[in-house]
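Comments concern the structure below.
There are 2 protein chains.
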Amino acid sequence: MQIGELAKRTGCESETIRYYEREGLLPAPARSSSGYRRYEQPHLEQLAFILHCRSLGMPLADIRLLAGFHQQPAAEPCDRVNALIDQQISRVHSQIEALQKLEIQLQQLRARCDSPHTLADCGILKTLDGAAAGEACACHDES
Amino acid sequence: MQIGELAKRTGCESETIRYYEREGLLPAPARSSSGYRRYEQPHLEQLAFILHCRSLGMPLADIRLLAGFHQQPAAEPCDRVNALIDQQISRVHSQIEALQKLEIQLQQLRARCDSPHTLADCGILKTLDGAAAGEACACHDES
DNA sequence: CTTGACCTTATAGTAGCTACAGGGTTTGCA
DNA sequence: TGCAAACCCTGTAGCTACTATAAGGTCAAG
Ligand SMILES: [Zn+2]
Ligand SMILES: [Zn+2]
Ligand SMILES: [Zn+2]
Ligand SMILES: [Zn+2]
Chain A
22 MQIGELAKRT GCESETIRYY EREGLLPAPA RSSSGYRRYE QPHLEQLAFI LHCRSLGMPL
82 ADIRLLAGFH QQPAAEPCDR VNALIDQQIS RVHSQIEALQ KLEIQLQQLR ARCDSPHTLA
142 DCGILKTLDG AAAGEACACH DES
Chain B
22 MQIGELAKRT GCESETIRYY EREGLLPAPA RSSSGYRRYE QPHLEQLAFI LHCRSLGMPL
82 ADIRLLAGFH QQPAAEPCDR VNALIDQQIS RVHSQIEALQ KLEIQLQQLR ARCDSPHTLA
142 DCGILKTLDG AAAGEACACH DES
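Protein chains in written order, with the numbering used here: chain A, 22 to 164; chain B, 22 to 164.
Below, the structure written as structure tokens:
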């Protein structure tokens with residue numbers, strides 16, 4: 022199949038497929054006489070593997086490693102696999118925590134303005150300006 | 022003061038300050054005879070304003086707008102300010118939701134492996150391979 | 001024989017920095 | 001006076017994971 026059909030079947034754009042090939046995540050497929058890429062079923066599965074990992078937020082570098090385990094002797098321990106997943110879980114977890122703090126801060130800032138009123142009176146702008154001048158702010162106040 | 026001192030006082034690297042100037046977030050300061058940037062107190066406050074907004078996760082484009090409201094007539098309504106903050110809150114909120122789904126999926130995947138064992142037996146790898154072949158997976162199973 | 005839908009490569013753009021390379025300036029000290 | 005350390009300058013490239021062109025080649029239908 023051509024790249025367009027692979028794209029349609031996986032829901033991944035042709036350009037992304039070419040990008041994965043350039044990045045070494047997908048092996049370079051055979052070419053037709055006119056230079057068109059020709060894919061087979063294994064390519065589709067390899068791409069699906071990548072997309073599935075991507076949908077879990079895994080970075081391409083980790084997916085490369087994960088895919089590489091298929092080339093390793095099957096008797097090796099799987100702890101490196103687990104480590105990659107655990108790392109991803111903790112990355113995601115700390116992002117969540119950071120964003121939750123952010124949301125609280127933003128809501129504290131937002132609460133300074135009970136619109137509608139003018140720019141001169143806006144509690145949000147006043148808070149931001151005050152903080153820039155060194156005053157305590159609603160959002161970063163530790164109390 | 023020179024750029025290095027402004028950097029030290031704000032905890033922002035010199036290169037970042039120059040970057041903000043290039044991006045039009047900070048006005049170009051006066052220069053010494055040898056071409057060194059010379060900053061005054063207002064610059065420090067403007068930079069602090071930017072950094073404070075950045076710490077709330079605001080994109081530079083929004084900070085540019087937010088800073089621009091200082092040049093607007095003070096009698097204008099502040100609803101555009103509120104809209105920017107509300108937008109940011111909803112961005113952050115939807116990111117949190119997406120990441121929380123991700124974390125659950127990752128933990129479901131992680132639960133397939135009760136290490137230690139081998140690559141051939143690893144439930145994580147088996148799940149990923151199965152999903153690539155079109156089977157249902159622990160992580161994306163809707164049940 | 002031409003139109004349209006494919007495909008190819010190469011390059012640049014996105015966000016927000018960060019890290020050089022390759023130079024000039026200023027300060028202090030022997 | 002000479003020199004080195006610690007500043008500063010510009011310009012460019014790198015990071016992630018794509019996305020979007022530009023400029024061209026190929027193929028099947030009508
Ligand atoms: Zn307001
Ligand atoms: Zn604050
Ligand atoms: Zn395992
Ligand atoms: Zn899954």
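Note that CB positions come from ideal geometry on N, CA and C, so glycine has one too.
- A residue is listed when its beta-carbon falls short of 6 Å from at least one non-hydrogen atom of ligand 2; in chain order these are A:152, A:158, A:160, A:161, B:73.
- The continuous alpha helix (DSSP H) containing residue 74 (chain A) extends over residues 62-76.
- For the stretch 101-131 of chain B, residues whose beta-carbon sits nearer than 8 Å to a beta-carbon of chain A comprise 102, 103, 106, 107, 109, 110, 113, 114, 116, 117, 120, 121, 123, 124, 126, 127, 128, 130, 131.
- With a contact defined as Cβ atoms closer than 8 Å, residue 68 (chain A) and residue 83 (chain A) miss out at about 17 Å.
- Scanning its chain for C-beta atoms nearer than 8 Å, with the 5 sequence neighbours on each side dropped, one finds around residue 57 (chain A) the residues 23, 24, in chain order.
- When the Cα atoms are used, residue 162 (chain B) and residue 115 (chain B) turn out to be separated by approximately 21 Å.
- Going by C-alpha positions, residue 107 (chain A) is about 8 Å away from residue 131 (chain B).
- Neighbourhood of residue 139 (chain A) in chain B, by CB distance below 7 Å: 95, 96, 97, 98, 99, in chain order.
- Its Cα nearest to that of residue 143 (chain B), the residue A:100 stands out among A:138, A:100, A:147, A:160.
- One Cα belongs to residue 75 (chain A), the other to residue 139 (chain A), and the distance between them is close to 46 Å.
- Assignment of residue 133 (chain B) by DSSP, reduced to helix, strand and coil, places it in the coil class.
- Under the 8 Å criterion on CB atoms, residue 136 (chain A) is classed as interfacial with respect to chain B.
- The three-state reading of DSSP puts residue 51 (chain B) in strand, counting E and B together.
- Closest by C-alpha distance to residue 89 (chain B), out of B:78, B:77, B:71, is B:71.
- Counting only residues of its own chain and dropping the five nearest sequence neighbours on each side, residue 112 (chain A) has no CB closer than 7 Å to any other CB.
- Between residue 157 (chain A) and residue 73 (chain B), the C-beta spacing is not below 8 Å.
- Under the 8 Å criterion on CB atoms, residue 66 (chain B) is classed as interfacial with respect to chain A.
- Along the stretch 78-162 of chain A, the alpha helix (DSSP H) occurs as fully enclosed runs of 4 or more residues at 81-89, 100-131, 144-153, listed in sequence order.
- The C-alpha of residue 52 (chain B) is placed about 59 Å away from the C-alpha of residue 64 (chain A).
- Your pair residue 125 (chain A) and residue 134 (chain A) does not check out as a contact, with CB atoms roughly 16 Å apart and the cut at 8 Å.
- At least one heavy atom of ligand 1 falls within 7 Å of the beta-carbon of residue 102 (chain B).
- Taking non-hydrogen atoms of ligand 1 into account, the C-beta of residue 106 (chain B) is found less than 7 Å away from none of them.
- The C-alpha of residue 61 (chain A) lies about 31 Å from the C-alpha of residue 98 (chain A).
- Under the DSSP assignment, residue 26 (chain B) falls in the alpha helix (DSSP H) whose first and last residues are 24-31.
- The beta carbon of residue 50 (chain A) lies closer than 7 Å to those of 58, 59, 60, 64 in the same chain, with the five residues before and after it left out.
- Relative to the non-hydrogen atoms of ligand 3, the Cβ of residue 144 (chain B) comes within a distance shorter than 7 Å of at least one.
- Between ligand 3 and the CB of residue 138 (chain B), the shortest heavy atom gap is smaller than 7 Å.
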